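One structure is given here, and the rest of the page talks about it.
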Amino acid sequence: MRHARTESHINMMQTMDRFGTEEKCRAVLEELRWPDGICCPRCKSTKISRIRDRAQFDCDACRYQFSVTSGTIWHDTHLPLRKWFMAIYLTIESKKGFSANQMKQVLGVSYKTAWFLCHRIRAAMTEQSPAQLNGTVKCDETYIGERMRGRGRGRGASLPSKGIVIGVIQRGGKIRLQVIDKPDRKTLHAFIKKHTAPDTEVIIADEFKGYKGIGDHDTLHETVSHVQKEWARGTVHTNGIENVWSLLERSVTGTYHKLSVKHLDAYLDELEWRFNNRDNSYLFRDTLIKLLNSKNLEYRDLIAS
Ligand SMILES: [Zn+2]
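Just remember that our numbering sits 30 ahead of the position in the sequence shown, which is counted from 1.
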């Protein structure tokens with residue numbers, strides 16, 4: 031089987047066994063990067079010779095020498111791949127996220143290295159052009175402050191200093207999250223229009239005036255109080271937007287003590303990726319593929335304001 035080594039859910043011991051050496055990690059990346067056989071990144075030729083104990087390749091056509099990490103996020107990394115793989119595993123398997131401080135301790139690296147590593151993994155998880163949601167969706171905002179305030183509160187005169195997050199979730203499906211400056215009608219409507227299909231059947235939101243007029247001829251706008259009983263029933267509730275806010279709250283207050291607004295969107299992307307892949311048995315493999323295809327995040331860009 032093609033992706034035999036990365037199939038299905040894996041636990042930490044299996045991660046250490048399967049990806050415990052550089053050779054094993056490289057073999058997996060090779061499988062994922064070139065499922066149809068090794069191909070020269072420069073001229074696309076498939077006439078390739080292996081050199082130096084499988085770590086390097088030589089293109090018979092253009093003589094370019096490369097490795098499986100050439101031109102990828104791992105091109106210039108000083109960190110062993112097995113540490114990257116463990117960091118990826120920890121990031122996707124911990125429900126509320128894994129902080130740089132925890133990463134530092136588990137991997138035995140400096141705080142700076144751990145912090146940068148977390149950010150690079152997080153950046154790769156961003157969905158570049160996420161599909162629009164449809165069916166029945168629910169929209170809500172939450173406020174991130176000293177303590178996160180509950181849904182429906184905090185819309186008053188004193189806006190929190192740390193950020194406002196808006197989210198829309200498809201019933202039993204995926205979520206889209208975004209940081210917004212203020213929860214006014216223009217912002218809320220623009221967000222919903224961007225992330226829901228024009229023929230979405232029902233948009234559920236609370237009575238807040240900013241949501242007024244979000245429905246149209248083929249989209250019903252329902253307020254929370256109308257549908258609360260139905261929405262709260264059964265399994266839907268546990269994967270509802272309230273659950274996402276609770277995960278976010280636990281991440282912010284528990285894991286990411288020093289969460290800054292500047293990086294909040296990136297944390298949301300990470301939460302989105304984990305939540306939207308909660309039933310994906312190939313999450314580890316799919317995250318590796320995301321990293322393989324991601325652009326490299328430069329440290330200087332990350333710390334620039
Ligand atoms: Zn070539």
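Virtual Cβ for every residue (Gly too), placed ideally from N, Cα, C. In this text the structure is predicted, and so the values were computed from the model without any measurement.
Shortest gap from the CB of A91 to any heavy atom of ligand 1: under 8 Å.
The nearest non-hydrogen atom of ligand 1 is 8 Å or more from the C-beta of R63.
Short of 7 Å from the beta carbon of T102, and not among the five residues preceding or following it, lie these beta carbons of its own chain, in chain order: L322. When DSSP states are grouped into helix, strand and coil, G67 belongs to the coil group.
Secondary structure note for K320: its alpha helix (DSSP H) is the uninterrupted segment L313 to N323. Between the C-alpha atoms of V291 and F305 there is a straight-line separation of about 21 Å. For a cut-off of 8 Å, the C-beta gap from R112 to D299 is around 25 Å, too long to register as a contact. With a cut-off of 8 Å, the C-beta of S79 is classified as distant from ligand 1, since no heavy atom of the ligand falls inside that distance.
Rounded to the nearest angstrom, the gap between the Cα atoms of D90 and S79 is 7 Å.
Relative to ligand 1, the beta carbon of S75 is positioned inside 8 Å of a heavy atom.
At a Cβ-Cβ threshold of 9 Å, I196 and T230 do not count as neighbours. If you ignore the 5 residues before and after L120, its C-beta comes within less than 6 Å of the C-beta of F128, all in its own chain and listed in chain order.
For Y94, the shortest C-beta to heavy atom distance toward ligand 1 is below 8 Å.
Annotation: the segment 213 to 258 contains the following complete segments of the alpha helix (DSSP H) (minimum length 4 residues), in chain order: 215 to 225. Judged by DSSP secondary structure, Q86 falls within the beta strand (DSSP E) whose first and last residues are Q86 to C89. Rounded to whole angstroms, the separation of the alpha carbons of A154 and K320 is 6 Å.
The criterion of a C-beta distance shorter than 9 Å is not satisfied by T99 and R48. Short of 7 Å from the beta carbon of I222, and not among the five residues preceding or following it, lie these beta carbons of its own chain, in chain order: C169, V198, I233 and I244. For V274, the secondary structure class from DSSP, reduced to helix, strand or coil, is helix.
A Cβ-Cβ contact shorter than 9 Å links L278 with T172. In summary, M42 is exposed, with fewer than 16 beta-carbon neighbours lying within 10 Å of its beta-carbon over all protein chains present. Here DSSP, grouped into helix, strand and coil, assigns D299 to helix.
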